[in-house]
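Novice: Below is the structure I would like to discuss, written out as C-alpha cells.
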Ligand SMILES: *Cc1c(COP(=O)(O)O)cnc(C)c1O
C-alpha cells in the first residue's frame, strides 16, 4: 500500500513539506487525513490572518469568482482600484502614493529591486544595501538580497551591486554614502528568528538615506497588513519609507503581494517597465479588500496587540523559555538551549503547529481572530512540549565529567 508520503516523494520536487497531510481547516484548527486536529499557531507562516474558512474570506472568493475573476492588465477593475486606494490610505502615503499589485512576497520585492534600479538609473548609482539575517525571497533577484550562504551558494552568480551589512546603527552609518541607491530592510527579521531592528534604527536609516539620495525600502511582507498590531511596522517608528512591500497576511490565504511607493518614488515606473499577468487581478484584489475591511471594521488590530501581550506574558514562566521578541502576533520565543527543532516536533505530536526559524527560537504567528480559548490551549500544549524536551536535557549536575 502506498502512503501519501510515497506519492509526495515520487511526484513533488524534493523541497520539504512532509509534516502531515492537511485536508481541512476551521478557525485556528486544521485537520489531517486521519482526522487528527492541530491548533494552528503558525497560520501558514503569518498568512492566515482570519484563520481558516472565515465566512468573510469564503464569501469574497465566491462572490468575486462569480462576478469577474481575471482580466488582462490592459484593463482596470473596481476591486483593484479599491485595493490600491485602501493600501495608500492604510500606509499613509497621501495623494502621491502609488501601488503595484503582485502575487507573492518575492514578486513584490522584485518590483522593489526594479524600483531601486530605476532610481539608480536617474542618479547613476547601483549599490543596494541589505542586512545580514535578512530574508527577501527565493527568486534569483530576491535571493541576491538574502545573504545566507546555504540559500545563495548553489545559485551563483547572483545580482551584482548588493552589499550585506550587519543590522546595527554603526554599520549603517559606515555604509550609507552617495554610492548607495537603496537600503532594503525588514523592520523585524521574521525568518532569522523574529529579530527586531535595534531601537532608533529606522529613524537613523531614514535620515541617512534621505541625506544621500538613497531609497529606504521596507520589506513588510511578514510584518505588514496588521501583523504587529499596526497596519505597518514602520508606523510604530514614526517614519515613512520611500517604498514598502506586502504579501503574506494581506490576502489571508489568497496569494497576493503589493509594492506601495511614497512621494517621488511613485514616478519611477512608467508604461512598459514592469507588469504581471495575474498581479492585481479582480479575484485577489476583492479578497484583500474584504479581509482588510473586516480587520478594520472589527477592530482586530486591538485584538492582535492584546493577544500578543497575553501570549508574551503567558509563555514567560514556561520551561526552557528565556524571553520573547517581536510585536503583536509575530512572536519569537527564545529558548535556553538549541532545541527548537525538538520543541517544534514535540508540539506537533501534541497537536500544536509552531515553527523553529533558528536553533533556539520558536516562532508563532496565529490568526488575528484568536481569543482566550486559543491562547489557553496554546499555553497548555506548548508548556507540555517544552516540559517534555526539558526532561531530555541533562542538568549540569547529571552531566558525566
Ligand atoms: C515570506 C517572506 C518573503 C517571501 O514571500 P513569498 O510570498 O514566499 O515569495 C519576503 N520577505 C519576507 C520578509 C518574508 O517573510
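Residue numbers (my numbering): -9 to 391.
Glycine included, C-beta positions come from ideal geometry on N, C-alpha and C.
Is residue 142 near ligand 1, with its Cβ less than 7 Å from a heavy atom?
Specialist: No, since every heavy atom of ligand 1 falls outside the 7 Å radius drawn around the Cβ of residue 142.
Novice: Does the Cβ of residue 28 have 16 or more other Cβ atoms within 10 Å, making it buried, or fewer, making it exposed?
Specialist: Answer is buried; the Cβ neighbour count reaches 16.
Novice: Taking 7 Å as the cut-off, is the C-beta of residue 238 nearer than that to any heavy atom in ligand 1?
Specialist: At least one heavy atom of ligand 1 is nearer than 7 Å to the Cβ of residue 238, so yes.
Novice: Hey, residue 285 and residue 358: beta-carbon distance below 8 Å or not?
Specialist: Closer than 8 Å, so yes.
Novice: With distances taken from CA atoms, which of 294, 317, 383, 305 is nearest residue 41?
Specialist: Out of 294, 317, 383, 305, 294 has the C-alpha closest to the C-alpha of residue 41.
Novice: How is the beta strand (DSSP E) around residue 85 delimited, first residue to last?
Specialist: No beta strand (DSSP E) contains residue 85, which DSSP labels as neither H nor E.
Novice: So, is residue 65 buried or exposed, given that buried needs 16 or more other C-beta atoms within 10 angstroms?
Specialist: Residue 65 comes out exposed.
Novice: Would residue 221 and residue 80 qualify as a contact pair, given that the criterion is a beta-carbon distance under 8 Å?
Specialist: Against a cut-off of 8 Å, the Cβ pair of residue 80 and residue 221 comes out as a contact.
Novice: Among 347, 354, 342, which one has its Cα closest to the Cα of residue 425?
Specialist: Any answer about residue 425 is impossible in this case: the structure gives the chain only from -9 up to 391.
Novice: Around the C-beta of residue 362, are 16 or more other C-beta atoms found within 10 angstroms, so that it is buried, or is it exposed?
Specialist: Label assigned to residue 362: exposed.
Novice: Mind pulling the alpha helix (DSSP H) runs of 4 or more residues that sit fully within the region 213 to 293?
Specialist: Those alpha helix (DSSP H) runs which fall completely within the region 213 to 293 and span 4+ residues are 272 to 287.
Novice: Can you round the beta-carbon distance between residue 325 and residue 333 to whole angstroms, since I take them to be within the 8 Å contact cut?
Specialist: Sure, about 7 Å apart at Cβ, within 8 Å.
Novice: Evaluate residue 18 with the Cβ neighbour count: other Cβ atoms within 10 Å of its Cβ, from every protein chain shown; 16 or more gives buried, anything less gives exposed.
Specialist: Flag for residue 18 reads buried.
Novice: Rounded to whole angstroms, how far is the Cβ of residue 121 from the Cβ of residue 155, which I believe are closer than 8 Å?
Specialist: Rounded, the Cβ-Cβ distance is 6 Å, consistent with contact.
Novice: Can you tell me the Cα-Cα spacing of residue 340 and residue 30, whole angstroms?
Specialist: Using only the alpha carbons, I get a separation of about 12 Å.
Novice: Quick one: measure Cβ to Cβ for residue 170 and residue 119, integer angstroms, because I've assumed they're closer than 8 Å.
Specialist: The Cβ separation is near 6 Å, so the contact holds.
Novice: So what does residue 317 bridge to, in DSSP terms?
Specialist: Its beta-bridge partners are 320.
Novice: Between residue 298 and the rest of its own chain, which residues show a CB-CB distance below 6 Å, the 5 nearest in sequence each way excluded?
Specialist: Only 318, 319 meet the Cβ criterion.
Novice: Taking three-plus beta-carbon pairs below 8 Å as touching, is the region 88 to 106 in contact with the region 269 to 279?
Specialist: Output reads yes: the region 269 to 279 touches the region 88 to 106.
Novice: Three or more C-beta pairs closer than 8 Å, one from the region 107 to 119 and one from the region 168 to 187: is that the case here?
Specialist: The region 107 to 119, when compared against the region 168 to 187, does touch it at the 8 Å Cβ threshold.
Novice: Indicate whether the contact test is met: 3 or more Cβ pairs, each with one atom in the region 376 to 385 and one in the region 301 to 315, closer than 8 Å.
Specialist: Touching, yes.
Novice: Have a look at 354, 193, 35, 124 and flag the residue whose alpha-carbon is nearest the alpha-carbon of residue 7.
Specialist: Among 354, 193, 35, 124, the Cα nearest to that of residue 7 belongs to 35.
Novice: Evaluate the contact criterion for the region 189 to 209 versus the region 259 to 268: three or more CB pairs, one atom per stretch, below 8 Å.
Specialist: The region 189 to 209, when compared against the region 259 to 268, does not touch it at the 8 Å Cβ threshold.
Novice: With three or more beta-carbon pairs closer than 8 Å as the criterion, would you say the region 245 to 256 touches the region 120 to 137?
Specialist: Short answer: they don't touch.
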